[in-house]
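Reading through the structure tokens given below for one structure.
There are 2 protein chains.
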Amino acid sequence: MSLEHAILGFLEREPMTGYDLKTRCFDDAAGHLWTADQAQVYRTLERLSERGLARSRVFPQRGKPDRKVYRITTKGRAALDGWLHSAQPLAPVRDPFLVRFALADGLSDEEIAALLAEAREEYQSRLDTLRADAAAPVPTCAGADDRGSELYRMTLGAAISATRTVIDWIDDATERIRQGLPVAKQRPTSEGV
Amino acid sequence: MSLEHAILGFLEREPMTGYDLKTRCFDDAAGHLWTADQAQVYRTLERLSERGLARSRVFPQRGKPDRKVYRITTKGRAALDGWLHSAQPLAPVRDPFLVRFALADGLSDEEIAALLAEAREEYQSRLDTLRADAAAPVPTCAGADDRGSELYRMTLGAAISATRTVIDWIDDATERIRQGLPVAKQRPTSEGV
DNA sequence: GCGTTTTATGGGACTTGTCCTATACTCGCT
DNA sequence: AGCGAGTATAGGACAAGTCCCATAAAACGC
Numbered sequence: 001m002s003l004e005h006a007i008l009g010f011l012e013r014e015p016m017t018g019y020d021l022k023t024r025c026f027d028d029a030a031g032h033l034w035t036a037d038q039a040q041v042y043r044t045l046e047r048l049s050e051r052g053l054a055r056s057r058v059f060p061q062r063g064k065p066d067r068k069v070y071r072i073t074t075k076g077r078a079a080l081d082g083w084l085h086s087a088q089p090l091a092p093v094r095d096p097f098l099v100r101f102a103l104a105d106g107l108s109d110e111e112i113a114a115l116l117a118e119a120r121e122e123y124q125s126r127l128d129t130l131r132a133d134a135a136a137p138v139p140t141c142a143g144a145d146d147r148g149s150e151l152y153r154m155t156l157g158a159a160i161s162a163t164r165t166v167i168d169w170i171d172d173a174t175e176r177i178r179q180g181l182p183v184a185k186q187r188p189t190s191e192g193v
Numbered sequence: 001m002s003l004e005h006a007i008l009g010f011l012e013r014e015p016m017t018g019y020d021l022k023t024r025c026f027d028d029a030a031g032h033l034w035t036a037d038q039a040q041v042y043r044t045l046e047r048l049s050e051r052g053l054a055r056s057r058v059f060p061q062r063g064k065p066d067r068k069v070y071r072i073t074t075k076g077r078a079a080l081d082g083w084l085h086s087a088q089p090l091a092p093v094r095d096p097f098l099v100r101f102a103l104a105d106g107l108s109d110e111e112i113a114a115l116l117a118e119a120r121e122e123y124q125s126r127l128d129t130l131r132a133d134a135a136a137p138v139p140t141c142a143g144a145d146d147r148g149s150e151l152y153r154m155t156l157g158a159a160i161s162a163t164r165t166v167i168d169w170i171d172d173a174t175e176r177i178r179q180g181l182p183v184a185k186q187r188p189t190s191e192g193v
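Respectively, the protein sequence lines represent chains B and R. In terms of this note's numbering, the first sequence opens at residue 1 and continues consecutively. In terms of this note's numbering, the second sequence opens at residue 1 and continues consecutively.
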């Protein structure tokens with residue numbers, strides 16, 4: 001899985017607690033590339049620690065819960081490096097929005113257009129967020145130095161162009177529907193198997 | 001989940017067996033939008049049947065295992081329709097390739113370029129497949145009639161432009177790296193926690 | 001003749017990811 | 001004075017998805 005390696009990668013940059021990883025790294029920085037559930041971050045950290053890829057040390061705090069700071073180990077660094085070097089299969093496509101669109105032939109043209117409009121809005125707001133992030137300084141956790149920051153900025157660029165492409169497609173599709181789709185053939189509603 | 005509804009959508013077009021769904025629908029047609037594990041298709045069909053959204057009937061065959069043909073029920077049609085009409089949240093982004101790229105600041109420029117080249121090849125072959133599919137007639141299971149076929153062709157177009165965008169980004173990124181990335185700051189390799 | 005692919009179903013074990021909950025103390029707001 | 005938000009950890013239950021396996025007969029290539 002990627003979460004494990006993503007966490008190792010972040011720990012390689014800076015020792016951190018599960019809370020830091022979740023809020024600073026995943027919610028703020030890597031959220032455009034990989035979202036992570038809080039419970040899973042903690043569970044993954046524990047597993048990493050069991051397997052000797054990370055080590056933790058508790059720092060007591062007054063007034064707040066103790067911080068359990070995780071640090072990558074030499075073994076963890078080796079695992080991260082191995083992952084970075086080894087060939088990874090392309091992630092299979094999995095787009096609920098397009099699945100829905102493809103199966104929407106039972107809806108009227110107007111309903112399909114509404115579906116597109118709704119998705120467009122959401123993609124647009126995602127784009128706005130991405131652009132705001134691109135204008136803002138790179139979060140510490142995303143770019144430890146200039147090299148890391150540059151890579152992060154480049155992935156932001158990838159996310160932006162991907163999102164723009166989707167929006168453009170939605171616009172084309174909407175135009176196509178405005179011209180009128182072919183009508184559906186009458187299909188039987190119910191009968192014996 | 002989407003698989004459940006995708007299956008209902010396919011059954012709405014034509015009654016089918018789990019095998020048909022897996023091979024004809026998911027592997028051949030919808031594979032660009034949603035991949036499905038064979039075991040999960042069967043399990044989902046069973047669950048659909050338990051919940052009264054689909055019904056099955058066994059057709060004995062000689063020489064081959066019996067066909068268990070599933071057919072969508074009125075209740076299933078209602079569920080599908082509800083899903084098509086209800087607002088769906090955008091899928092969270094989850095791109096292992098970009099995560100890897102973002103965390104690759106420990107690698108040399110050449111190694112990062114190699115990583116990109118490798119991904120480019122895979123995306124290119126995905127693009128070739130998509131283009132071949134776009135040139136071929138729409139599979140029966142993807143487009144039951146002209147309306148369905150048109151929607152399917154449009155989603156193919158979406159997949160093609162998305163893939164092209166990624167490839168373009170990879171080319172830009174490669175060019176950027178050829179110009180030389182900033183060097184990494186020296187980071188401590190090991191020390192006390 | 002012999003192995004592989006095709007047709008067809010399904011179980012078991014596992015990984016990954018999500019949702020909800022509990023704990024516990026502080027700080028700021030109303 | 002109380003209530004929610006922030007800081008920090010973690011368990012339980014579950015949903016979704018993957019991988020490997022078994023069965024069984026025909027057809028097809030070598």
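From the three backbone atoms N, C-alpha and C, an ideal C-beta is built for every residue, glycine too. Remember, it's a predicted structure, so these values are computed and weren't measured experimentally.
Boundaries (first-last residue) of the alpha helix (DSSP H) holding residue i
i              : result
alanine 54(B)  : Note, alanine 54(B): premise wrong, no alpha helix (DSSP H); beta strand (DSSP E) at 54 to 59.
valine 93(B)   : Valine 93(B) -> no alpha helix (DSSP H), and no H or E assigned at all.
leucine 130(B) : 109 to 135
alanine 39(R)  : 38 to 50
Contact under 8 Å by Cβ, residue i with residue j
i                 : j                    : result
leucine 33(B)     : isoleucine 72(B)     : no
leucine 151(B)    : phenylalanine 101(R) : yes
aspartate 105(B)  : arginine 147(R)      : yes
arginine 120(B)   : isoleucine 177(B)    : no
lysine 68(R)      : glycine 18(R)        : yes
glutamate 14(B)   : cysteine 141(B)      : yes
leucine 107(R)    : lysine 75(R)         : no
isoleucine 160(R) : tyrosine 123(R)      : no
proline 96(B)     : glutamine 88(R)      : yes
leucine 127(B)    : arginine 164(B)      : yes
aspartate 133(B)  : leucine 181(B)       : no
leucine 103(R)    : glycine 31(B)        : no
valine 93(B)      : serine 2(R)          : no
lysine 185(B)     : aspartate 145(R)     : yes
arginine 43(B)    : proline 139(B)       : no
leucine 90(R)     : leucine 130(R)       : no
Extent of the continuous beta strand (DSSP E) run through residue i
i            : result
lysine 68(R) : 67 to 72
Minimum Cβ-Cβ distance from residue i to chain R less than 8 Å
i                : result
aspartate 27(B)  : no
glutamate 12(B)  : yes
valine 193(B)    : For valine 193(B), the predicted model reports a pLDDT of 45, less than 50, meaning its position is unreliable; a value from the coordinates is still stated below. Closer than 8 Å: yes.
threonine 140(B) : no
leucine 103(B)   : yes
tyrosine 152(B)  : yes
leucine 84(B)    : yes
threonine 155(B) : yes
proline 182(B)   : yes
glutamine 40(B)  : no
aspartate 81(B)  : yes
alanine 136(B)   : no
leucine 53(B)    : no
alanine 173(B)   : yes
arginine 67(B)   : no
arginine 176(B)  : yes
Collapsed DSSP secondary structure at residue i in the structure displayed
i               : result
methionine 1(B) : coil
arginine 153(R) : helix
arginine 24(R)  : helix
tyrosine 19(B)  : helix
Closer than 8 Å to chain B by CB, residue i
i                : result
aspartate 146(R) : yes
serine 49(R)     : no
lysine 185(R)    : yes
glutamate 46(R)  : no
arginine 24(R)   : no
glutamate 118(R) : yes
leucine 127(R)   : no
glycine 18(R)    : no
glutamine 124(R) : no
leucine 21(R)    : no
Contact list for residue i against chain B, beta-carbon separation under 7 Å
i              : result
alanine 132(R) : In chain order: nothing, as chain B lies at least about 16 Å away.
Listed by chain order, chain R residues near residue i by CB distance under 7 Å
i                : result
serine 2(B)      : Pro96 and Val99
threonine 165(B) : Ser161, Ala162 and Thr165
Within chain R, partners of residue i - CB distance below 8 Å
i               : result
valine 93(B)    : Gly31, His32, Leu33, Trp34, Thr35 and Ala159
glutamine 88(B) : Pro96, Phe97 and Arg100
Cβ-heavy atom distance, residue i to the ligand NAP, below 7 Å
i               : result
arginine 178(B) : The ligand NAP is not among the ligands present in this structure, which contains no ligands whatsoever.
Partners in chain R for residue i, counting only beta-carbon separations shorter than 9 Å
i             : result
glycine 76(B) : Per Cβ cutoff of 9 Å: no residues; glycine 76(B) is ~11 Å from chain R at best.
Chain B residues whose Cβ lies nearer than 8 Å to that of residue i
i            : result
alanine 6(R) : Val99 and Leu103
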